[in-house]
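Colleague:
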Amino acid sequence: MQSINFRTARGNLSEVLNNVEAGEEVEITRRGREPAVIVSKATFEAYKKAALDAEFASLLTPWNPPIRNWLTDNEAYITGRTYCAS
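Just so we're aligned, residue 469 is where the sequence shown starts under the numbering used here, counting upward by one.
1. Taking the straight line between their C-alpha atoms, what separation do you get for G500 and N480?
2. Under 8 angstroms by Cβ, that's how I've got E489 and M469 pegged, so tell me the actual separation to the nearest angstrom.
3. Compute the Euclidean distance between the alpha carbons of I506 and E495, then round it to the nearest angstrom.
4. Taking all protein chains shown into account, decide if A477 is buried (16 or more other Cβ within 10 angstroms of its Cβ) or exposed.
5. Taking P503 and T497 to be in contact with their CB atoms under 8 angstroms, please state how far apart those CB atoms are, rounded to whole angstroms.
6. What number of angstroms, rounded off, separates the C-alpha of E475 from the C-alpha of L527?
7. According to DSSP, is A504 part of a helix, a strand, or is it coil?
8. Indicate whether S441 and G491 have their beta-carbon atoms separated by less than 8 angstroms.
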């Protein structure tokens, strides 16, 4: 991951965006504050989906398997895939 300060990023924004489009993550620092990271939209969407999936999975705790099986069975039905609950 490339790390640059705010002034450099502002002065070279076109180059920074080209690097991000090429798949690189760019960290931008600013006077000791917590840095920001610029990523491609596809990477951002993947991170967001992973976070939501993890949050949803945490709601389906092991003490409640009937809900998990019901959701999985319905997903299998909707998508046409075969699923066997364990």
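We put the CB at the ideal spot given by N, CA and C, even for glycine.
Modeller: The answer reads as follows:
1. 20 angstroms
2. Going by Cβ atoms, the distance from E489 to M469 rounds to 15 angstroms, so no, they are not a contact pair.
3. 6 angstroms
4. With 16 or more Cβ atoms within 10 Å of its Cβ, A477 is classed as buried.
5. 5 angstroms
6. The question names Glu, yet the displayed sequence has Arg at residue 475. Approximately 43 angstroms between the Cα atoms of the pair.
7. strand
8. Because the chain is modelled from 469 through 554, residue 441 falls outside the range shown and cannot be assessed.
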